[in-house]
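Respectively, the protein sequence lines represent chains H and L. Under my numbering, the first sequence has 91 at position 91, and the numbering climbs by one with no breaks. Converting from the second sequence to my numbering requires adding 1000 to each position, the first position being numbered 1. All C-beta atoms, glycine included, are put in the ideal place defined by N, C-alpha and C. Below: the structure, in structure tokens.
Protein chains: 2
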Amino acid sequence: MKNTATREKLIETGAELIGQHGYNATGINTVLKTCGVPKGSFYHYFSSKEEFGLAVIEQFSDIYDAQLAELLEDTSTPPLERLRRYFAAGREHMCNCNHTTGCLIGNLGQELSGQSDTFRDALDRVFQRWEQYFVGCLRSAQETGELSAALPAEALASFILSGWEGAILRAKTLKSVVPMEQFEAILFQQVLVPSP
Amino acid sequence: MKNTATREKLIETGAELIGQHGYNATGINTVLKTCGVPKGSFYHYFSSKEEFGLAVIEQFSDIYDAQLAELLEDTSTPPLERLRRYFAAGREHMCNCNHTTGCLIGNLGQELSGQSDTFRDALDRVFQRWEQYFVGCLRSAQETGELSAALPAEALASFILSGWEGAILRAKTLKSVVPMEQFEAILFQQVLVPSP
DNA sequence: TTAAAAATAGACCAGTCAGTCTAGTATAAG
DNA sequence: CTTATACTAGACTGACTGGTCTATTTTTAA
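Right, dumping it as structure tokens:
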């Protein structure tokens, strides 16, 4: 029998604490105390803290991918409007966490990509998958004519992901979603525009 | 007499190690061993690791401000060309550090702004000063007519800083400056344009 | 020359870290 | 019922953490 409930509880608690305090600042003992799981169970499911961290990333990314698919592939909504909703959801999340957590993948990317190639690879794969969702949505926008086809969708997707992650960082240090709003405003006014 | 040489050596070594591995992952003992300073000296100059971290931020920001002033207020160069040079310098730095360090302030912003309000304030002040350099440069560009006056310079500066910091993050996880190049390309093609 | 202040030196401390180890319990298959 | 496996339980370990403490050396000022 596989009791995945305990494993999932560990990952869920880990995601929350790592999201709030980062990977290095989150001790295994803190995770265990928070969710009331003994250490023996932890090392039964994970061979090391690194493997645990990778599992947290993987689970987070799975959930997030599903949300991205639901928002950005919703064919009942015009493509650029889907993007607007994605940004709105991000701002809402930022407010809900009191501007502290931001984006787990972005946080870990900053903290760990210089520390461990294993983490860097895992995080980069997540980013690249996100970019593909943007690419799909932008291509749709180009097909409907909402968006000029002059700019390659891949380059735009990279631009949007970079800008959005940076805006989240600024929102964290400023404790305000204004940078996220400003990014969105200029993006839609100057970049995501139809052919002239 | 104030022997600032030892203090500066500590800060310099600290900036390097914290830039590479982050604040929490950099131990005081490692800093001391790296630059050959005994612990007694460290706590003679700094009352805690946090005060040390703040000193590292302050010194880094002073140096960086001087570089920004030199690049972005160089009146012998057209304003938008100054920005181009700033981006080029950033890319060069990113290559020199093998895509590991990136931006110290951005790194610490992600890692510490949820952990300590003191750090968050200090880092936010640095970011806001950087934005002011952009504002000045963009205003000059609007005066020369290189840049449309339709968009407020403050909003553009926030947009640029967010986007650039995000591009640095992506460059770190991707181990490539391509995201930085793509950000710059689209920025100059779509956003930093003259009046139509 | 001397006394105070600045700085160096590193042994040491309590607490925490990731990880190990042994023991016990629950569950399933034979 | 028996036995192997999955899982729980937490005491324990050695390394390392930020920080303290006392002693000594160097520098400055009187």
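Buried or exposed by the 16-neighbour rule on C-beta atoms within 10 Å, applied to residue i
i	result
Lys1039(L)	exposed
Gly1014(L)	buried
Arg1007(L)	buried
Gly1145(L)	exposed
Pro1079(L)	buried
Ser1076(L)	exposed
Ala1150(L)	exposed
Met1001(L)	Because Met1001(L) sits at a pLDDT of 39, beneath the cut-off of 50, its placement in the model cannot be relied upon, and the following sentence gives the value as read from the coordinates. When all chains shown are included, Met1001(L) counts as exposed.
Lys1172(L)	buried
Glu143(H)	exposed
Ile63(H)	exposed
His1044(L)	exposed
Ala1167(L)	buried
Glu131(H)	buried
Ser195(H)	exposed
Interface flag, residue i vs chain L, CB-CB below 9 Å
i	result
Met1(H)	With a pLDDT of 41 at Met1(H), under the threshold of 50, the modelled position of this residue cannot be trusted, and the question is left open.
Val177(H)	no
Phe162(H)	Per the sequence shown, the amino acid found at residue 162(H) is Ser instead of Phe. Yes, contact with chain L.
Val191(H)	yes
Arg91(H)	no
Ile18(H)	no
Phe60(H)	no
Thr101(H)	yes
Phe127(H)	yes
Ala185(H)	yes
Lys166(H)	One point to set straight first is that residue 166(H) is Gly, not Lys, in the sequence displayed. Answer yes: the Cβ-Cβ gap between Gly166(H) and chain L drops below 9 Å somewhere.
First and last residue of the uninterrupted alpha helix (DSSP H) at residue i
i	result
Pro179(H)	178–186
Glu16(H)	4–21
Lys33(H)	28–35
Gln1189(L)	Counting along the chain, Gln1189(L) falls outside any alpha helix (DSSP H), and DSSP gives it neither H nor E.
Lys1172(L)	1153–1174
Gly140(H)	Per the sequence shown, the amino acid found at residue 140(H) is Ser instead of Gly. 117–144 is the span of the alpha helix (DSSP H), which, as asked, contains Ser140(H).
Short CB-CB distance (under 9 Å) between residue i and chain H
i	result
Ser1158(L)	yes
His1021(L)	yes
Phe1188(L)	no
Ser1113(L)	yes
Leu1174(L)	yes
Gln1142(L)	no
Arg1120(L)	yes
Asn1029(L)	no
Leu1068(L)	no
Asn1107(L)	yes
Residue i CB to nearest heavy atom of the ligand ZN below 8 Å
i	result
Gly1102(L)	As far as ligands go, the structure on display features none, and thus does not contain the ligand ZN.
Contact between the stretch 176–184 of chain H and the stretch 1183–1191 of chain L is defined here as three or more beta-carbon pairs at a separation below 8 Å; is this criterion met? Not touching, per the Cβ criterion.
Does the stretch 1123–1143 of chain L come close enough to the stretch 119–135 of chain H to have 3 or more Cβ pairs within less than 8 Å? No, because fewer than three Cβ pairs between the stretch 1123–1143 of chain L and the stretch 119–135 of chain H fall closer than 8 Å, the two stretches do not touch.
Check whether the stretch 1096–1111 of chain L touches the stretch 108–116 of chain H, counting contact only when three or more Cβ pairs, one atom from each stretch, lie closer than 8 Å. In this structure the stretch 1096–1111 of chain L lies against the stretch 108–116 of chain H, because at least three pairs of beta carbons, one per stretch, are closer than 8 Å.
Can you find at least 3 beta carbon pairs, one from the stretch 38–53 of chain H and one from the stretch 19–30 of chain H, that sit closer than 8 Å? Yes: at least three Cβ pairs fall under 8 Å.
Alpha helix (DSSP H) runs contained entirely in the stretch 1039–1103 of chain L, provided each spans 4 or more residues: The stretch 1039–1103 of chain L contains these whole alpha helix (DSSP H) runs: 1039–1045, 1049–1072, 1079–1096.
Taking contact to mean at least 3 C-beta pairs separated by less than 8 Å, is the stretch 1152–1171 of chain L in contact with the stretch 90–97 of chain H? No, the stretch 1152–1171 of chain L does not touch the stretch 90–97 of chain H.
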